[in-house]
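Mapping of the sequence shown onto the working numbering: position 81 corresponds to residue 65, and the numbering continues sequentially without gaps. Ideal Cβ positions, reconstructed from N, Cα and C, are used throughout, including at glycine.
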Amino acid sequence: AAAMRQKTELTSASLVFLINGMRTITNLLAYYYQVGGGLGPVAREISSPRDGAPAEFNDSTIPRFNLQYAVPSVLYTFSDNIAFMVLAKINPATFSIIWNCKTAVVAVLMRVVLVRKPFTWAKWGGVALLLIGPTLVELGTKREAKEVGQTHTPVYWHLLCLCGACISAAANVYTEWVLKKFKHDPFFWQNVQLYSFSTVFTLVALIHQQGIKAALDLASPEFLMTHVSGMAILAMLMQVAQAFLVPAILKFADNIADLFAHAGAVLITAYFSWMFFKLQITYFFMLGMGASVGALFLYYSDRIFPPVDTVAKHGFKSLQRPVSA
-15 AAAMRQKTEL TSASLVFLIN GMRTITNLLA YYYQVGGGLG PVAREISSPR DGAPAEFNDS
45 TIPRFNLQYA VPSVLYTFSD NIAFMVLAKI NPATFSIIWN CKTAVVAVLM RVVLVRKPFT
105 WAKWGGVALL LIGPTLVELG TKREAKEVGQ THTPVYWHLL CLCGACISAA ANVYTEWVLK
165 KFKHDPFFWQ NVQLYSFSTV FTLVALIHQQ GIKAALDLAS PEFLMTHVSG MAILAMLMQV
225 AQAFLVPAIL KFADNIADLF AHAGAVLITA YFSWMFFKLQ ITYFFMLGMG ASVGALFLYY
285 SDRIFPPVDT VAKHGFKSLQ RPVSA
């Protein structure tokens, strides 16, 4: 995403509009391909409704749009635009760790909206440790930019990144809630609703910022070929792939699994930033990254490590899941 933002002449609003449009089209094609029976048995099992709802759909039936999907679309529109603006100013590794602060927001929102259970001391410790991580990164992260003469990024870009992370967290929690509330809806059709609303909102933002001409230019293949680089196209395809994976995790697992995946992405992003973006990894950066990743394990320690009293009373066999017949 950083390479896409830096090597293309399009603005953030234009990029987000193109990505959401591609997400909508690909999910719509996947839905109608599913309706036609073209998906394999595993994909049909994932994308079809459950709990007694009919697994087959009539081609003549046009599903209705649900306005509740528009709420996370609005939030994602803001967070995506903020992300692209910030990525043009800070290195991807720092962005990834600061964006990891949304774990704390997700934790609180899940407690209030979804889980509604009291936090343990370990969970609160994980939230506190997660907030310490980006602070250490802010103190120790610098870009090696002698060739281009780049100076240290102003702190307000980091604060804007934190704001975008909070908006993204709220969108994630609401998306999980709405996907599971309407669990009978086909998975691909749920994605179509999410991203079609986002496409409309980003189009409105694009027209407001740059005028109708900027929106019409995006419909011209010649304009896109001259203003969008190959790296940008590759990054947009990765964003489209993410549009299938993240909603699937939120619907069939939860935000916890998504956050663990993000923790792994922090390590991968730091490695590639060191290789391609000349990131100088300092001791502060390593401590901040370790604190951010360790916070996830501390917060979800009750899921990773069994309670001592449970093991003492029932033994380790009680932790094994029953094998279905």
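State whether the stretch 61 to 80 contacts the stretch 157 to 166, with contact taken as three or more CB pairs (one from each stretch) at a distance under 8 Å. no
Can you tell me which of Leu271, Ala91, Asp169 puts its alpha carbon nearest to the alpha carbon of Pro47? Asp169
Report yes if the CB atom of Val157 is closer than 9 Å to the CB atom of Val97, and no otherwise. yes
Exposed or buried, which one is Leu114 when buried takes at least 16 other CB atoms within 10 Å? buried
Going straight from the alpha carbon of Phe1 to that of Met220, what length do you get? Here the C-alpha atom of Phe1 lies approximately 11 Å from the C-alpha atom of Met220.
9 Å Cβ cutoff met for Cys145 and Trp83: yes
How big is the Cα-Cα spacing for Gly109 and Met270? Straight-line spacing of the CA atoms in Gly109 and Met270 works out to 19 Å.
If you draw a straight line from the C-alpha of Phe41 to the C-alpha of Tyr179, how long is it? Any answer about Phe41 is weak, because its pLDDT of 46 lies below 50 and its placement is not dependable; what the coordinates show is given next. The alpha-carbon atoms of Phe41 and Tyr179 are separated by roughly 21 Å.
Using only the alpha-carbon positions, how far apart do Thr8 and Phe185 sit? 13 Å
Alpha carbon to alpha carbon, what distance is there between Phe268 and Ser276? Answer to the nearest angstrom: the Cα atoms are 12 Å apart.
Among Lys235, Tyr16, Phe49, Asp64, which has the Cα closest to the Cα of Tyr3? The question names Tyr, yet the displayed sequence has Ile at residue 3. Ile3 has its Cα closest to that of Asp64, out of Lys235, Tyr16, Phe49, Asp64.
Do Thr(-5) and Leu280 come within 9 Å of each other at the CB atom, strictly closer than that value? no
Please report the straight-line C-alpha distance between Tyr140 and Ala232, rounded to a whole angstrom. Those two C-alpha atoms are separated by around 34 Å.
Take Ala149 and list the residues in its own chain whose beta-carbon comes closer than 6 Å to its own, dropping the five residues that flank it on each side. Trp83, Cys85, Lys86
Just mark His192 as buried or exposed, buried being the case when its beta carbon has 16 or more other beta carbons within 10 Å. Answer is exposed; the Cβ neighbour count stays below 16.
Which of the three DSSP states is assigned to Phe300 in this structure? Unreliable placement is indicated for Phe300, whose pLDDT of 47 sits below 50; no coordinate value is reported for it.
Span separating the alpha-carbon of Asp286 from that of Leu93: 19 Å
As assigned by DSSP and simplified to three states, the class of Thr104: For Thr104, the three-state secondary structure derived from DSSP is coil.
Length of the line joining the Cα atoms of Glu128 and Ile74: At Glu128, the pLDDT of 42 sits below 50, so the modelled position is not reliable and the matter cannot be decided from this model.
Quick one: is Gln52 buried, meaning 16 or more other Cβ sit within 10 Å of its Cβ, or exposed? Its Cβ having fewer than 16 others within 10 Å, Gln52 is exposed.
Per-residue burial, Ile66 [other beta carbons within 10 Å of its own, 16 or more giving buried]: Result: buried.
Grab me the residues of Asp238's own chain with a C-beta within less than 7 Å of its C-beta, minus the 5 sequence neighbours each way, in chain order. Excluding sequence neighbours, Asp238 sits near Glu160.
DSSP three-state call for Thr10: helix, strand or coil? helix
Assuming Gln174 and Phe181 are in contact, meaning their beta carbons sit under 8 Å apart, how far apart are those beta carbons, in whole angstroms? Rounded, the Cβ-Cβ distance is 11 Å, inconsistent with contact.
Nearest-angstrom beta carbon gap, Ala155 and Asn11 [assumed within contact, 8 Å]: About 17 Å separates the two Cβ atoms, so there is no contact after all.
What is the rounded straight-line gap between the Cα of Ala203 and the Cα of Met69? 23 Å
Hey, could you find the ends of the alpha helix (DSSP H) Phe166 is sitting in? That residue, Phe166, is in no alpha helix (DSSP H); it is neither H nor E in DSSP.
Inter-residue spacing [alpha-carbon to alpha-carbon] between Arg95 and Met273: 25 Å
Measuring CA to CA, which of Gly20, Val90, Ala112, Met259 is closest to Leu282? Ala112
Mind checking which residues open and close the alpha helix (DSSP H) that includes Tyr53? Taken as a continuous stretch (DSSP letters only), Tyr53 belongs to no alpha helix (DSSP H), as it is neither H nor E.
Report the three-state DSSP secondary structure of Asp64 (helix, strand or coil). helix
With DSSP collapsed to three states, give me the class of Ser(-2). helix
Would you identify the three-state DSSP class for Lys235, choosing helix, strand or coil? Look at Lys235 here: in three-state DSSP terms it is helix.
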